[in-house]
Every structure is written in structure tokens, then in C-alpha cells.
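K.L.:
Pasting in a structure now, in C-alpha cells, and then I'll have a few things to ask.
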Amino acid sequence: MLQQPNGSPSLQQPVENVGVQVQPNVEPSLQQPVERGGSFLRPPNHGNYMSINELPAYGSLTEAQIAAKEFCDWESARSFIEDQSALTARVTHDSQTALHVAAIFCQWGFFLKLLEHVSSESIAIPDIYGNTVLHYVAMGGSLKTAKVLVQKRADLLKMINHKGELPLVFSFRSESKELVRYLTTKTIIDPHSLTENNTLYYLIKSGYHDIALDFVQRHTELVLAKDEHGTSLLHWLAYEPSHFFSGNNLGFWERLIYKFVSVEIKNAPTHSTIINIPESTEGSPASQSRSFVTQVFRWFKRLFWKAITQLAPSIKIVRDAKLKHECAVELVNLVVTRLSSMSFHEVFNFIQNPQSIISLAIEGGIEEIVRTLLQQFPDLIEVEAMPNRNILQAAIEYRQEKIVNTIKEISTTYTKSLCSSMLESGNTTSHLAGKLAPAFKLFSVSGAALQMQRELQWFKVYGF
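Here the sequence shown stands for residues 1 to 464, numbered as in the UniProt record's numbering.
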């Protein structure tokens with residue numbers, strides 16, 4: 001499992017077939033290459049290893065690739081392709097075959113031509129790292145090529161490399177969301193395995209919340225599962241404020257588009273706008289007529305938004321962001337619903353360890369997480385969110401006005417009680433409001449005068 005994410009996943013649209021440059025002697029991996037013992041110039045003792053320099057007959061591989069890439073001259077590569085032993089030969093120091101090399105350099109047309117001449121058994125040949133060709137195709141981001149490979153050898157989906165990584169894990173490097181979706185639905189993952197938890201983590205970190213929601217609904221054991229660091233789905237969501245609407249600074253026009261844009265969440269248990277209408281010939285004519293009209297309306301609605309997003313790509317970006325935000329809220333609801341069947345002591349331990357989820361949400365200004373937790377577990381309002389800080393005091397110190405308003409909305413009585421709590425050295429909540437705001441909040445407005453005006457509002461509006 002990777003450490004906590006350090007950056008915000010991009011809201012930009014994934015680009016299909018993104019080229020991945022891989023050095024010949026560097027291990028393609030989601031992590032930084034680890035120097036391995038021994039000389040990398042000496043290939044392992046594989047029975048069918050053939051160096052291009054040692055076997056001039058196979059020197060045509062490079063020429064064939066150049067011909068296919070630069071001139072699309074398939075005839076120049078035919079002599080190499082027709083030699084079956086050349087197709088299965090390990091032609092690099094990393095024990096890679098011609099298929100591996102073509103996939104690494106994203107030569108998909110050349111790859112598919114090679115695939116027509118390679119036996120089913122040869123497709124599954126791994127390289128020195130245990131990577132199959134599907135690993136590199138997944139990294140390169142070619143959905144079409146991945147589908148062809150899976151049709152020929154479906155068992156490639158479950159073949160792991162020496163690090164225990166499935167091709168699905170490699171696909172997160174491709175930035176091809178549709179490829180990730182395809183491999184996620186096709187890959188059968190062993191329940192309770194590290195790969196299963198890693199997959200959910202990568203889905204969240206990549207911002208593919210709609211795929212993550214579907215994945216969690218198919219693997220319900222992951223809702224409360226924790227990794228080797230003790231972090232869970234709710235932690236991963238709280239690490240990055242941009243996963244939620246409250247953590248995004250949208251402009252006027254973006255907010256306007258966001259308000260009216262339509263999104264659909266498939267199989268969302270708590271989403272009120274999605275209606276699944278089963279196809280059936282039974283029932284009254286009126287019922288069937290309403291069903292037909294509803295289906296036609298939804299079809300025209302999808303067609304309308306598809307046309308709009310093609311004409312105005314910026315609308316598509318906002319729409320995708322809204323889909324991500326709403327799916328993130330659904331994921332939070334799934335976690336809280338599962339926690340509701342546990343005792344408060346168990347809920348407290350889950351939320352506070354190894355790092356307080358409430359603390360993360362307050363610091364990032366994620367009002368959705370705080371509201372959902374407090375509405376389901378009102379006793380959490382008395383929990384110490386940070387050292388010597390209750391939940392309200394922490395929100396004031398970090399200048400999170402949305403969270404302060406949420407706490408006041410949930411319980412005015414508790415708000416007064418929380419404000420009266422004394423801090424260290426006899427300080428009060430007013431002292432926190434009088435402290436200089438954190439830099440990320442202070443410089444969210446420009447100019448010393450506006451910054452001072454905003455700080456004074458904490459006393460005038462909230463009256464601490």
C-alpha cells in the first residue's frame with residue numbers, strides 16, 4: 001500500500017493512448033525503480049534468451065519497428081513476423097519479447113499485427129520482472145488493444161508480476177479512465193487481498209470515484225477495510241479536499257454550470273435522482289406507457305448533455321467534477337451506514353485512529369464529511385478533534401466557516417458549550433479567532449485591507 005497521497009488528482013479528462021516512455025533497463029512500476037543486485041547488463045539464464053547483437057537474424061526487429069512506426073511499411077516487417085522463433089525470442093536484457101517491446105513503445109498497430117502471428121501460449125510470456133504484455137498495454141492506455149488481448153487470453157487479467165501487481169494496477173499510470181473501468185469490471189480480485197485494497201486506493205487517488213463506488217458495491221468488505229498503515233476509505237477521501245464540492249474554489253460561471261448540470265450515478269443506494277426501470281411486459285398499459293416515456297426522456301437527456309459537452313469542453317470538465325463530488329458523498333454515506341451498526345466505542349476508534357478523520361476534514365474544509373458524521377453520531381461533537389481543541393475550536397482556528405455554520409445548525413446549545421471551553425494557558429475560543437489565520441486561508445483574498453476585514457468578520461458575525 002502506498003503512503004498518503006501528496007497531490008491532488010487532476011480534474012482534467014484522461015487522454016486515451018498516452019505514450020509511456022520506459023527506459024530499457026528501468027523497471028516500469030507504480031513506484032520508483034529499486035536497484036537490484038548483480039549486473040543488469042547480464043541477462044538471466046532464460047532458455048530462449050536471444051540478444052539482437054548476438055543473433056543478426058533477429059536484428060530486423062529494430063528495422064521492423066522503425067518501418068512500422070515511421071513509414072507504416074508492414075511489408076518491411078513481414079520477414080521478421082513470419083519467423084515464429086523470433087516472435088517468442090527474448091530480445092532485450094530485461095528478457096522481453098517483441099510484443100513487450102511494441103507495447104512499451106505504444107506501437108499499437110504494430111502490436112496488433114504481431115498478435116495475429118503469435119500463439120496463445122506465447123502471449124503470456126513474462127519478462128524479468130514478471131510483467132506480461134497486458135501489464136505494458138495497461139500502462140500505455142490502449143483500451144482497444146487491451147480488449148483484443150483479453151479476448152485471446154482472459155487469464156492475463158489475473159497474472160501478477162514479481163511485486164504482486166495485476167495489470168489493473170498498471171492501468172492507473174495510463175490516465176485512461178475507460179481502460180481503468182474496463183479492467184476493473186473484468187478483473188476478478190481475491191477478496192481480502194492486498195491487491196483489492198490497493199485497487200480501491202488507486203481509484204480514489206486518481207479521482208475515479210464513480211468507478212470506486214461501483215467497485216465498493218461489488219466488494220462490500222472494503223467499506224471499512226484498513227490497510228497496513230491503518231488507513232481506510234474514509235481517510236483517503238479526507239486527505240484531499242478536491243474530492244468534494246466544499247473543497248473546490250469554483251468561479252461564478254463554473255458554479256452556475258455546476259448548479260444546473262445533470263449527472264447520473266449508476267446503482268447509487270442513496271441518490272434520489274436515479275430511477276431504475278426494469279424492462280417488463282407485465283403491468284397495466286398506463287404503467288408501461290409511463291415507463292416508455294421515462295426511458296425516452298432519459299435517452300434525450302443523455303443525448304442533450306453529450307452534445308453540450310462536445311460543443312463546450314469546459315462544461316464537460318465541470319460535469320465530471322460534479323460526478324466525482326457526488327460519488328464521493330455516496331462513498332461517505334456507505335461508510336457511515338456501515339458504522340451505524342457498530343457501538344460508539346468502535347466508531348470512535350475507527351474515526352480517530354491512526355489519524356482523526358474529523359481533524360483531516362476540518363483542516364481541509366470538507367463540510368460533507370463533518371456534517372454526515374455529526375448527523376449520524378451526534379456524540380462526536382464532544383470529541384477532541386485536535387490536541388486541546390474541540391471540533392468547533394479546530395474549525396475556528398482553521399477559519400472553516402462552512403464547518404462552523406454546520407455545527408451551529410446541528411446544535412445551537414452545543415455550540416455555546418463548545419465556545420465556553422477553556423484552552424491551554426487560560427485562553428478562550430476568542431483567542432483562537434484573534435490568532436493570525438493559516439496562510440492558505442489568509443492569502444485566499446488579496447491585499448492587507450481585505451484580509452483584515454475578513455478576520456474582523458469572525459468577531460462581528462460569529463461573536464466569539
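Just so you know, even glycine gets a beta-carbon here, dropped at the ideal spot from N, CA and C.
For Ser171 and Ala138, which I take to be in contact (beta-carbon distance under 8 angstroms), what is that distance rounded to the nearest angstrom?
P.N.:
That belief holds up - the Cβ atoms of Ser171 and Ala138 are roughly 4 angstroms apart, short of 8 angstroms.
K.L.:
Looking only at its chain, what residues have a beta carbon closer than 7 angstroms to the beta carbon of Asn353, apart from the 5 residues adjacent to it on each side?
P.N.:
Correct list, in chain order: Gly230.
K.L.:
Kindly provide the ranges of any beta strand (DSSP E) runs that are 3 or more residues long and lie completely inside the segment 358-392, ordered along the chain.
P.N.:
The segment 358-392 contains these whole beta strand (DSSP E) runs: 384-386.
K.L.:
In three-state terms, what does DSSP make of Lys435?
P.N.:
Correct three-state label for Lys435: coil.
K.L.:
Suppose you measure from the CA of Ser444 to the CA of Gln451; what does that come to, to the nearest Å?
P.N.:
One C-alpha to the other measures close to 9 angstroms.
K.L.:
Would you report the Cα separation of Glu397 and Arg389, rounded to the nearest angstrom?
P.N.:
Rounded to whole angstroms, Glu397 to Arg389 spans 9 angstroms at the Cα level.
K.L.:
With distances taken between CB atoms, is the gap from Leu203 to Ile211 smaller than 7 angstroms?
P.N.:
In contact: Leu203 and Ile211 (Cβ atoms closer than 7 angstroms).
K.L.:
Rounding to the nearest angstrom, what Cα-Cα distance links residue 477 and Ala89 in this structure?
P.N.:
With the chain covering 1 to 464 only, the question about residue 477 has no answer from this structure.
K.L.:
I need the boundaries of the alpha helix (DSSP H) containing Gln84, first residue and last residue.
P.N.:
Segment Gln84 to Thr88, the alpha helix (DSSP H) holding Gln84.
K.L.:
Counting only the same chain and skipping the five closest in sequence on each side, list residues whose C-beta sits under 6 angstroms from that of Leu234.
P.N.:
These residues qualify, in order along the chain: Val335 and Ile357.
K.L.:
Please state the DSSP three-state secondary structure of Lys163.
P.N.:
Lys163 falls in the coil class under three-state DSSP.
K.L.:
Check whether the segment 326-341 touches the segment 236-255, counting contact only when three or more Cβ pairs, one atom from each stretch, lie closer than 8 angstroms.
P.N.:
With the cut-off at 8 angstroms, the segment 326-341 and the segment 236-255 touch.
K.L.:
When the distance is taken between beta carbons, is Thr187 closer than 7 angstroms to Leu157?
P.N.:
It is a contact, given that the beta carbons lie within the stated cut-off.
K.L.:
Taking only the alpha-carbon atoms, compute the straight-line gap between Ala437 and Arg454 and give it to the nearest angstrom.
P.N.:
If you take the alpha carbons of Ala437 and Arg454, they lie about 10 angstroms apart.
K.L.:
Just list the residues that DSSP pairs residue 533 with in beta bridges.
P.N.:
A question about residue 533 goes unanswered here, because the residues of the chain that appear run from 1 up to 464.
K.L.:
Check Asp127 in the structure and name its three-state DSSP category.
P.N.:
Of the three classes helix, strand and coil, the one that applies to Asp127 here is coil, per DSSP.
K.L.:
Less than 7 angstroms between C-beta atoms, sequence neighbours within five positions excluded: which residues of the same chain meet that for Pro44?
P.N.:
Note that Pro44 scores 38 on pLDDT, short of 50, meaning its location in the model is unreliable and no value can be drawn from it.
K.L.:
Using 7 angstroms as the threshold, is the C-beta distance between Val404 and Ala395 below it?
P.N.:
Yes, these two residues count as a Cβ contact at 7 angstroms.
K.L.:
How would you write the range of the alpha helix (DSSP H) that Cys419 sits in, first residue to last?
P.N.:
Thr412 to Cys419 is the span of the alpha helix (DSSP H), which, as asked, contains Cys419.
K.L.:
Sorted by chain position, which residues of the same chain lie with C-beta nearer than 7 angstroms to Phe111's C-beta, five sequence neighbours on each side aside?
P.N.:
Around Phe111: Leu99, Ala102, Ala103 and Thr145.
K.L.:
Kindly indicate which residue of Gly141, Thr97, Val263 and Ile391 has the alpha-carbon position closest to the one of Arg181.
P.N.:
Among Gly141, Thr97, Val263 and Ile391, the Cα nearest to that of Arg181 is on Gly141.
K.L.:
Which same chain residues end up closer than 8 angstroms to Gly365 when comparing Cβ atoms and leaving out the 5 residues on each side of it in sequence?
P.N.:
The answer, listed in chain order, is Pro241, Ser246, Gly247, Tyr398, Gln400, Lys402 and Ile403.
K.L.:
For Ile381 and Ser421, I'd like the C-alpha separation in whole angstroms.
P.N.:
Between Ile381 and Ser421, the C-alpha separation is close to 13 angstroms.
K.L.:
Given a threshold of 16 other Cβ atoms within 10 Å of its Cβ, counted over all protein chains shown, does Thr92 qualify as buried or as exposed?
P.N.:
Buried, since its Cβ has 16 or more Cβ neighbours within 10 Å.
K.L.:
By the DSSP assignment, the alpha helix (DSSP H) with Glu116 in it spans what residues?
P.N.:
Run containing Glu116: Trp108 to His117, per the alpha helix (DSSP H) assignment.
K.L.:
How would you call Phe215, buried or exposed, if buried means at least 16 neighbouring beta carbons within 10 angstroms?
P.N.:
Buried, since its Cβ has 16 or more Cβ neighbours within 10 Å.
K.L.:
In the structure shown, what three-state DSSP assignment does Gly141 receive?
P.N.:
Here Gly141 sits in coil by DSSP.
K.L.:
Please report the distance separating the alpha-carbon of Gln295 from that of Leu303.
P.N.:
The straight-line gap from Cα to Cα measures roughly 12 angstroms.
K.L.:
Are the beta-carbon atoms of Pro167 and Leu213 separated by less than 7 angstroms?
P.N.:
Contact: no.
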